[in-house]
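Take the sequence shown: its letter number 668 is residue 1117 in the numbering used here, and every next letter is one higher.
A virtual CB, placed ideally from N, CA and C, is assigned to each residue, including glycine.
Since this is a predicted model, take the numbers as computed values, not measurements.
To keep things clear, I will list the structure first and then write my remarks on it.
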Amino acid sequence: MESVLSSKALEFIDSINNSKNHNETLLRLKIGLSDYINVYHICAFVKTKQGFLELASTAQRREDTFNDLSDLWTALKAQPILDQSVELLPCSLMVTSFSHQQNQDIKALLIQIKMNESSGFFLCYYLNRTFLTPKEVTVMHSLIPIFRHTFAKLEYIQHTNRLLNEKTAALTISQARFQAFAELASDWFWETDTQLRYQYISSAEAQYQAHTYQHFIGKTPIELRSYDEQKQQKKWGRFINFVNNHKEIHNLEYEAKSHDGKTFWISISGKAQFDENGNYIGYMGIGRDISYAKQRELDLQKEKERAEKANAAKSDFLAVMSHEIRTPMNAILGMLELLEDTDPTEKQHELIDYMRSSTRLLQGVISDTLDFAKIESGTLKLELSDTHLINLTKNLVKQFETQAIKHGIEFECAIDRSIPERINCDGVRLSQILLNLLSNAFKFTHEGSVKLYLTKSDNHIIFRVADTGIGISESDIARLFEPFTQFHSRQKGRQQGVGLGLSITRRLLNLMGGSISCYSTVGEGTEFIIRIPYTIVENIDEESVIDDAQKQSQTSLKVLVAEDNIANQFVIKAILEKRNYTVEIVNHGQEAIEALSNGEYDLILMDMMMPIMDGVSAAKAIRAELGLQNIPIIALTANAGLKDKEKCLDAGMNDVLTKPLDSRLLDSKIKQHLFSSE
450 MESVLSSKAL EFIDSINNSK NHNETLLRLK IGLSDYINVY HICAFVKTKQ GFLELASTAQ
510 RREDTFNDLS DLWTALKAQP ILDQSVELLP CSLMVTSFSH QQNQDIKALL IQIKMNESSG
570 FFLCYYLNRT FLTPKEVTVM HSLIPIFRHT FAKLEYIQHT NRLLNEKTAA LTISQARFQA
630 FAELASDWFW ETDTQLRYQY ISSAEAQYQA HTYQHFIGKT PIELRSYDEQ KQQKKWGRFI
690 NFVNNHKEIH NLEYEAKSHD GKTFWISISG KAQFDENGNY IGYMGIGRDI SYAKQRELDL
750 QKEKERAEKA NAAKSDFLAV MSHEIRTPMN AILGMLELLE DTDPTEKQHE LIDYMRSSTR
810 LLQGVISDTL DFAKIESGTL KLELSDTHLI NLTKNLVKQF ETQAIKHGIE FECAIDRSIP
870 ERINCDGVRL SQILLNLLSN AFKFTHEGSV KLYLTKSDNH IIFRVADTGI GISESDIARL
930 FEPFTQFHSR QKGRQQGVGL GLSITRRLLN LMGGSISCYS TVGEGTEFII RIPYTIVENI
990 DEESVIDDAQ KQSQTSLKVL VAEDNIANQF VIKAILEKRN YTVEIVNHGQ EAIEALSNGE
1050 YDLILMDMMM PIMDGVSAAK AIRAELGLQN IPIIALTANA GLKDKEKCLD AGMNDVLTKP
1110 LDSRLLDSKI KQHLFSSE
């Protein structure tokens, strides 16, 4: 009998092990128990901190309902198997589906279950007119291991279901979150087959309804290219090479055809995919609509081109303005210089000084305006050369000595002995900076002194311009270097210029890698300090040449002047003849070539802009067609731009002078090129 029971028990356990859910487990338990008792209904309860929770039931399960069965549990502790009438059960355990007749025949069998980490009981409703006999109760005791195993199976299923539900819920939330992000994002996901044909497009619902990308399905990026994209063979050849070698694609931007025949811009990135055997199966990646960014890029490009055209127009205007103003100004200044040689009266001298001062002021305004425009457009470049710093400083001092004496202002210049004689820098721009600072010092100093000091510190030369003028307030110092900033002198009408000088000074120093600072007290004076880095140039042993004046007296040098402006012709000729040069005037480049073909000259002064043939074309012809490589050609131009100078030098000219001409500089340049060539 025991061996039969054991055999049945094993079959019983095996049947329960193969069950897949709560209902099936209890159903198999019910079937197994039918060999012993006529089970009508079974339910299992697990003990929790909140009370007893129905774990499983062959009837409708009461989920998440906790029952207070403490009295019943106490009874089960004393007697693990209870066989009693259903009327004695707590109301919460009563099965209302029983008929009155069934209630008389149904009994309740409770089997306590104690596990290592959990406990509970089974409640079996069975049909029988009498309670179980002692022998039947003994059989039930022998089946407790099966009940325990069933209870463990039910708990395992519940735990598995709970984990599965949690994972499912988490996955659902994750999918919902991903879907929400996908709906909000402009990016979309794609997959292709081995031929790079789109097989899958993941796009937002709005995009899907608008058919933005769905027409991609079954086509390759190459087939979806716009007409303009098809012309870019190099770009797409590189793309095909990447795909053939299964390389990653990073931000391939191209113009694609839309479903309605229009075009739009997209960017795709992707990576080759392989199956578990390493076989290539296609590409997977993301795409993005970049039409807005591309349109912005195109708009910016158009704006840039428009700005460049406007800037070019401004440059052309400034060049024309420079030429048209500097040309007559050259004649005016030249005439004033010649006028001084006619023994004018004291009153006439005064008038000449006023005229020269006004003309120089106008020249300064023009120069500042042009320089500021070049700096703003980034076209101003420094021209580094070996500069005799001591001579540069002394020449500046000479320009202000007469003014200092005239206005009764003490003017002092002190150069430290450690200052190198020659440095590599842009001497013209350095002179411009110092000239501006000294001009301001004299402009706003009505009594006292103006001083210029040169010292050295580390790898910098320090220039200090100090005056005892009216001074500058702290609020004014804060905006001192801003463009178009002007400060009034206490003397009415002493304000001059357009307020660009100090702004240009600071920007020039920035280009040089230098700096400028200002210290001032109202009513006491102002001090500007500039620092510039420098490189020492070794002193060159200059040959003792014959005195220039002696050379000129020994032989009269012949200069050809090509200039179309009659007033400037008169001025240049007078200035040169005053210095014992023989001068011949021609009106344009073609006449200059004819003159050189028929005669010999020691030097040529060539205006850049002339009718019939300009100076640049004439210089090229002189060098190439006439083969005159050694004769010096100095350009005379009213255009102050660096490009104009480069154009002249590229044409074969030796030097460039900007109008209005400084007669001393003109004479110096002529001597430099004439005597250095001998």
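**Prompt:** In the structure shown, what three-state DSSP assignment does Pro982 receive?
**Reply:** On the sequence shown, position 533 is the one that residue 982 refers to. DSSP places Pro982 in strand when its eight states are reduced to three.
**Backbone secondary structure at Gly857 - three-state DSSP** = Locating residue 857 in the sequence shown gives position 408, counting from the first residue. Of the three classes helix, strand and coil, the one that applies to Gly857 here is coil, per DSSP.
**Request:** Could you tell me which uninterrupted beta strand (DSSP E) segments, each at least 3 residues in length, are contained entirely in the segment 699 to 754, listed from first to last along the chain?
**Result:** 712 to 723 and 729 to 738
**Message:** Suppose you measure from the CA of Asp990 to the CA of Ala761; what does that come to, to the nearest Å?
**Reply:** As a first step, residue 990 must be located in the sequence shown, where it is residue number 541. As a first step, residue 761 must be located in the sequence shown, where it is residue number 312. Low confidence applies to Asp990: its pLDDT is 49, below 50, so where it sits in the model is not reliable, and the reading given next is rough at best. Approximately 46 Å between the Cα atoms of the pair.
**Request:** Going by DSSP, name the residue or residues bridged to Ile593.
**Result:** The residue you call residue 593 lines up with position 144 of the sequence shown. BP columns for Ile593 are empty, so no partner.
**Asked** With respect to the beta strand (DSSP E) encompassing Leu1085, which residues constitute its N-terminal and C-terminal limits?
**Response** Taking the first residue of the sequence shown as 1, we reach residue 1085 at position 636. Taken as a continuous stretch (DSSP letters only), the beta strand (DSSP E) holding Leu1085 covers Ile1082 to Thr1086.
**Message:** Let me confirm a value: Lys1108 is counted as buried when at least 16 other C-beta atoms fall within 10 Å, else exposed. Which label applies?
**Reply:** For the purposes of this step, residue 1108 is identified with residue 659 of the sequence shown, where counting begins at 1. By the neighbour-count rule (16 or more Cβ atoms within 10 Å), Lys1108 is buried.
**Asked** Hey, which unbroken runs of the beta strand (DSSP E) at 3 residues or more fall wholly within the segment 862 to 934?
**Response** 871 to 874, 898 to 906 and 909 to 916
**Request:** Report the option in Cys874, Thr599, Thr579 and Lys720 whose CA atom is closest to the CA atom of Phe461.
**Result:** The sequence position of residue 461 within the sequence shown is 12, counting from 1. Comparing Cα positions, the closest option is Thr599.
**Prompt:** Just reading off the alpha helix (DSSP H) that Thr970 is part of, what are its end residues?
**Reply:** Here residue 970 refers to the residue found at position 521 of the sequence shown. It is not in any alpha helix (DSSP H) - Thr970 instead sits in the beta strand (DSSP E) that spans Ser964 to Thr970.
**Prompt:** Exposed or buried, what is Gln658 when buried is set at 16 or more other beta-carbons lying within 10 Å of its beta-carbon?
**Reply:** For the purposes of this step, residue 658 is taken as residue 209 along the sequence shown, with counting starting at 1. Low local confidence applies: a pLDDT of 47 at Gln658 is under 50, so the model's placement there is unreliable, with the coordinate-based value given in what follows. Label assigned to Gln658: exposed.
**Rounded straight-line distance, which links the Cα of Thr523 to that of Lys498** = For this step, residue 498 is matched to residue 49 along the sequence shown. For this step, residue 523 is matched to residue 74 along the sequence shown. Rounded to the nearest angstrom, the two C-alpha atoms are 16 Å apart.
**Asked** Under three-state DSSP, which class holds Asn1107?
**Response** To locate residue 1107, count along the sequence shown from 1; it is residue 658. Reading off the sequence, residue 1107 comes out as Thr, not Asn. Strand at Thr1107.
**Prompt:** How should Ile985 be labelled, buried or exposed, when 16 other C-beta atoms within 10 angstroms of its C-beta is the threshold for buried?
**Reply:** Looking up residue 985 in the sequence shown gives position 536. Exposed: under 16 other Cβ atoms inside 10 Å.
**Request:** Could you check how far apart the C-beta atoms of Thr975 and Ser969 are, in whole angstroms? I think they sit under 8 Å.
**Result:** For the purposes of this step, residue 975 is identified with residue 526 of the sequence shown, where counting begins at 1. For the purposes of this step, residue 969 is identified with residue 520 of the sequence shown, where counting begins at 1. Indeed, because the Cβ distance is near 4 Å, the residues count as touching under 8 Å.
**Asked** With 16 as the cutoff for other CB atoms within 10 Å, does Phe1124 come out buried or exposed?
**Response** Mapped onto the sequence shown, residue 1124 falls at position 675. Exposed.
**Three-state secondary structure (DSSP) of Arg939** = Counted from its first residue, the sequence shown places residue 939 at position 490. Any reading at Arg939 is ruled out, since the residue's pLDDT is 43, under 50, leaving its predicted position unreliable.
**Prompt:** Can the beta-carbon of Gly963 be found less than 8 Å from the beta-carbon of Ile979?
**Reply:** For the purposes of this step, residue 963 is taken as residue 514 along the sequence shown, with counting starting at 1. For the purposes of this step, residue 979 is taken as residue 530 along the sequence shown, with counting starting at 1. Yes, these two residues count as a Cβ contact at 8 Å.
**Prompt:** Does DSSP put Gly569 in a helix, a strand or coil?
**Reply:** Taking the sequence shown and counting its residues from 1, one reaches residue 569 at position 120. The answer is strand: DSSP assigns Gly569 an E or B state.
**Request:** Would you decide whether Phe860 is buried or exposed? Buried here means 16 or more other CB atoms lie within 10 Å of its CB.
**Result:** In the sequence shown, the residue the question calls residue 860 occupies position 411. The residue is buried, with at least 16 neighbouring Cβ atoms inside 10 Å.
**Item:** the segment 636 to 643 touching the segment 723 to 732, judged by at least three CB pairs closer than 8 Å
**Value:** yes
**Prompt:** Cα-Cα, which of Thr474, Thr617 and Gly710 is closest to Glu604?
**Reply:** Along the sequence shown, one-based indexing puts residue 604 at 155. With distances taken between Cα atoms, Glu604 lies closest to Thr474.
**Residues near Val1065 by beta carbon distance below 7 Å, same chain, minus five either side** = By 1-based counting over the sequence shown, the position of residue 1065 is 616. Excluding positions up to five away in sequence, the list reads Met1057, Lys1096, Cys1097 and Ala1100.
**Request:** Going by CA-CA distance only, name the one from Gly918, Glu1049 and Lys758 that's closest to Gly1156.
**Result:** It is not possible to answer for residue 1156, since the shown part of the chain is limited to 450 through 1127.
**Request:** Give the DSSP-derived three-state secondary structure of Lys602 in the structure shown.
**Result:** Within the sequence shown, residue 602 is the residue found at index 153, counting from 1. If DSSP states are grouped into helix, strand and coil, Lys602 belongs with the helices.
**Prompt:** Looking only at its own chain, which residues have a Cβ that is under 7 Å from the Cβ of Asp724, when we skip the five neighbours before and after it?
**Reply:** Within the sequence shown, numbered from 1, the residue matching residue 724 stands at position 275. Ile730.
**Asked** Alpha carbon to alpha carbon, how far is Pro539 from Pro594?
**Response** As a working mapping, residue 539 is identified with position 90 in the sequence shown. As a working mapping, residue 594 is identified with position 145 in the sequence shown. Spanning the two alpha carbons is a distance of roughly 26 Å.
**Asked** So, helix, strand or coil for Gln944, using DSSP?
**Response** Within the sequence shown, numbered from 1, the residue matching residue 944 stands at position 495. Caution applies to Gln944, whose pLDDT of 48 falls short of 50 and renders its modelled position unreliable; the value that the coordinates give is listed next. Looking at Gln944 - three-state DSSP - the assignment turns out to be coil, as it is neither helix nor strand.
**Request:** Identify the continuous alpha helix (DSSP H) that holds Phe665 and give its terminal residues.
**Result:** Walking along the sequence shown from the start, residue 665 turns up at place 216. Per DSSP, Phe665 belongs to no alpha helix (DSSP H) and is neither H nor E.
**Prompt:** Does DSSP classify Phe515 as helix, strand or coil?
**Reply:** Position 66 of the sequence shown holds residue 515. Reduced to three states, the DSSP call for Phe515 is strand.
**Prompt:** Looking only at C-alpha atoms, which of Thr1031, Cys874, Leu887 and Val899 sits nearest to Ile910?
**Reply:** Here residue 910 refers to the residue found at position 461 when the sequence shown is read from its first residue. Here the closest residue by C-alpha is Cys874.
**Message:** Let me check understanding here. Comparing Cα to Cα, which of Val814, Ile781, Glu825 and Thr794 lies closest to Arg805?
**Reply:** One-based indexing of the sequence shown puts residue 805 at position 356. The shortest C-alpha separation from Arg805 is found at Ile781.
**Prompt:** What residue does the alpha helix (DSSP H) around Gln528 start on, and which one ends it?
**Reply:** Walking along the sequence shown from the start, residue 528 turns up at place 79. Segment: none, Gln528 is in no alpha helix (DSSP H) and carries neither H nor E.
**Asked** Can you name, in chain order, every residue of its own chain whose Cβ lies under 7 Å from the Cβ of Glu451, other than the five neighbours on each side?
**Response** Stepping through the sequence shown from its first residue, residue 451 is reached at position 2. With a pLDDT of 45 at Glu451, under the threshold of 50, the modelled position of this residue cannot be trusted; read the value that follows with caution. Excluding residues within five positions, none has a Cβ falling inside 7 Å.
**Request:** Could you please give the first and the last residue of the uninterrupted beta strand (DSSP E) stretch that includes Phe691?
**Result:** For the purposes of this step, residue 691 is identified with residue 242 of the sequence shown, where counting begins at 1. Taken as a continuous stretch (DSSP letters only), Phe691 belongs to no beta strand (DSSP E), being part of the alpha helix (DSSP H) at Gln682 to Asn693.
**Request:** On a CA-only basis, which of Ile480, Leu531, Leu542 and Ile622 is nearest Val586? Give me that one, please.
**Result:** One-based indexing of the sequence shown puts residue 586 at position 137. Checking every option, the nearest Cα to that of Val586 belongs to Leu531.
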